[in-house]
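Numbering (our numbering), first residue to last: 345 to 904. Ideal Cβ positions, reconstructed from N, Cα and C, are used throughout, including at glycine. Here the structure comes first, spelled out in structure tokens, and everything after it is commentary.
What follows is the structure, encoded as structure tokens:
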């Protein structure tokens, strides 16, 4: 690895300190190992001579950089480092790059620093960070290294960038401010990486460590974005069955109450996600809608969540809102990342499908240029709403539209893994069933059950098809497979606890175990699906509201 020595002193100069911090981070991203006295890698062992250690590091470096600030001009350590670097430049042609960030006349500089300034370097603007990338590019060129422009972090989890903003102007309480800063940013990268890999215990520990560091080193008890990300870890743990969505919702509600002017859309969106998991769909909708004004640009993911909350809360679609969003469709208005426009179009297709506008749903779908930008679950949602319309209105056009949409999407997504195709093929089987081809639909489900023996929702559908065909033995065997599963964690592909309990309720109901069925429906927060009620009224009866606001199936029909 290429080694570079950075000599600096910024004292109380916040702009200079922020520049050094970011310079070190960007150099590391170029594959350069920068050495400073206070960096973690540059710690000097107890009892060792600081001057000797610095000279040794300079001797081992490929490039010497000196930031000439007012504080550096009076720093004994900077003078010592520069004197040695200048002598090495004469002896072995060590490259020196001066970065001048002072208005003090050159005649008042120490002689060694005047000598260093004679080498080719840069005069920094009054806000040094404005010249950061040009400096990084210059240093890469001097080292014959290809310059790598800054890469955006995760668009949904920009922890490093946001924390950098929160720490701007703040100084560590230890003597090693720059080292503290770079160490915390490194932990940020590791935490985001761990969360992306579902290594939740590691992410949890790293976020806790970051929060402690911010409190102890910088006195920031109320940092905002790291707490948002910590809440995201709590959410992931709850989804993995190792936490409580109630506690997650309370966590974000408290963060919203406390943060005031620091708030952005993240806390509201996260609270909305927790409320969705708690089946409090109307409250989730309110949280999502509250988040929107905090955004500078439209967000396709937030719009999709608004639609999902409205659908699950069984609230009517806001026609004026849809019309407003439709009029805003243009690449320059909604496209911030690749695929954003296509994701917007898919969400508008879902909105039309939910509102019963089959032609509108298809019109938006046909405008999608890149199907890979559209998530499979959105396609399932669109077809589910088209299917629901067909079931409720006996409209064959919606079924034809749903079948064609699924088929075209699968054909355009050869990249999808087998597990990702399961919900699509399952929905396709339901649509085909209601179009009258029961044999083809049952064959599709039999194939899915064989490939994925722990898919409770598909097992229940296959059991229902078997019942309709008079094959009670197969139906009961399929349902017993479902009731043998302990919880959602056993399911492959993975499903949530709500979907698991809903499928479990249907399995118990088909087996005639009504009390267990009712309890499973209660845990899911759902009622029996509309499709099951319309397809098998003798089994599922008609849904009605019960005390407590939880919709459950009526105990009607004859058990088998």
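Item	Value
In this structure, does DSSP put residue 502 in helix, strand or coil?	coil
Taking 8 Å as the cut-off, does the segment 773-789 touch the segment 828-840 (at least 3 CB pairs, one atom from each stretch)?	no
Of the residues 749, 683, 641, which one's Cα is nearest the Cα of residue 694?	749
Going by other Cβ atoms of all chains shown within 10 Å of its Cβ, with 16 needed for buried, is residue 362 buried or exposed?	buried
Touching or not, the segment 471-484 and the segment 543-554, by the rule of three or more beta carbon pairs under 8 Å?	no
When we look at the beta-carbon of residue 639 and count the other beta-carbons within 10 Å, is it buried (16 or more) or exposed?	exposed
What's the gap between the Cα of residue 349 and the Cα of residue 612?	44 Å
Tell me the DSSP secondary structure of residue 440 in three-state form.	strand
Using a beta-carbon distance below 7 Å, is residue 687 in contact with chain B?	The structure shown contains no chain B; it holds only a single protein chain.
What first and last residue would you give for the alpha helix (DSSP H) that runs through residue 693?	684-698
Leaving out five residues on either side along the sequence, give the residues of the same chain with a beta carbon under 8 Å from the beta carbon of residue 805.	770, 773, 774, 789
How many angstroms separate the CA atom of residue 664 from the CA atom of residue 599?	32 Å
Consult DSSP for residue 346 and reduce its assignment to one of helix, strand or coil.	strand
With three or more C-beta pairs closer than 8 Å as the rule, is the segment 762-769 touching the segment 810-822?	no
Quick test of the definition: if touching needs 3 or more C-beta pairs under 8 Å, does the segment 443-462 touch the segment 374-381?	no
Closer than 6 Å to a non-hydrogen atom of the ligand FAD - does that hold for the CB of residue 648?	As far as ligands go, the structure on display features none, and thus does not contain the ligand FAD.
Reducing DSSP to helix, strand and coil, say where residue 351 ends up.	strand
Can you list, in chain order, the residues of its chain with a C-beta nearer than 7 Å to that of residue 492? Leave out the 5 residues immediately preceding and following it.	373, 374
Nearest-angstrom Cα distance between residue 653 and residue 692?	14 Å
Of the residues 578, 644, 442, which one's Cα is nearest the Cα of residue 615?	578
Could you pull out every residue in the same chain whose Cβ sits closer than 6 Å to the Cβ of residue 371, ignoring the five residues on either side in sequence?	378
Do the segment 462-472 and the segment 427-446 touch if we need at least three Cβ pairs shorter than 8 Å?	yes
My output table needs one value for residue 408: the three-state DSSP class, helix, strand or coil.	strand
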